[in-house]
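Structure, as C-alpha cells:
In our numbering, the protein residues as written are 79 to 247.
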C-alpha cells in the first residue's frame, strides 16, 4: 500500500490471487519447445525440476523448485490470507500478522524473475543449436513476474500494518 492510493489493499490481494492461479497453471503447461533434426521436445516446469533428481543434481532440483515455484506461490497465499479479509472489509483472521510478516520475509527469496533472466540467457546460447519456442508456461510466468512487480507498486509496509492492525477485532 502506498499512502493516498485508493483501493490499494484490494489490488494487492487481487494481484496475489491472480498470480497464484497463474503460477499453478505454469507448473504443468509446456515451458519451452526445442526442435532439432526433426525431433521436438517440450518441457514443463515440473519436468525441468524432475530432470535434476539424480545424483549430485538433487540439491539443484530442490533449489529450483523452492526458489522459483514454492516460495513465490507461498508468498502469494500468505498475502491473500493476511489481507484478504481486510480487503473485503472484514476483521483480519487470527495469524494474519504472522502471515504478513512471513510474506515480507519471503520477498527477497522468491526468485521467479531471476529464473526468467537465466532462461533468457540460456535461450541466446541455445538459439544456434536448435529451434526454440516459448511455451504457454513461459508467457504465464512472465506475466506473474510483471504482476508481482506491479503489485509491489501498491505495497508499503507501514500502510499494510496500519490497515491490518485496524482490522483486528
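Heads up, the beta-carbon is just placed ideally off N, CA and C, and yes, glycines get one too.
Each of 242, 144, 222 and 126 was checked against the Cα of residue 100, and the nearest Cα belongs to 222.
In the DSSP secondary-structure assignment, residue 212 is bridged to 110. Rounded to whole angstroms, the separation of the alpha carbons of residue 163 and residue 218 is 27 angstroms. The Cβ atoms of residue 137 and residue 190 do not sit closer than 8 angstroms to each other.
Judged by their CB atoms, residue 109 and residue 216 are nearer to each other than the 8 angstroms cut-off.
In this structure, residue 178 places its C-beta atom within 8 angstroms of the C-beta atom of residue 242. When C-beta atoms of the segment 199-218 are compared with those of the segment 105-119, three or more pairs fall below 8 angstroms, so the two segments count as touching.
Residues 93, 96 and 97 of the same chain have their beta carbon placed closer than 7 angstroms to that of residue 225, with the five preceding and five following residues left out of the count.
Exclusion of the five residues before and after residue 131 leaves 139 as the residues of its chain whose Cβ lies within less than 6 angstroms of its Cβ.
DSSP, reduced to helix, strand and coil, places residue 122 within a strand of the structure shown. In the DSSP assignment, residue 203 falls within the alpha helix (DSSP H) that extends over 190-204.
Taking the C-beta atoms as reference points, residue 175 is found no nearer than 8 angstroms to residue 245.
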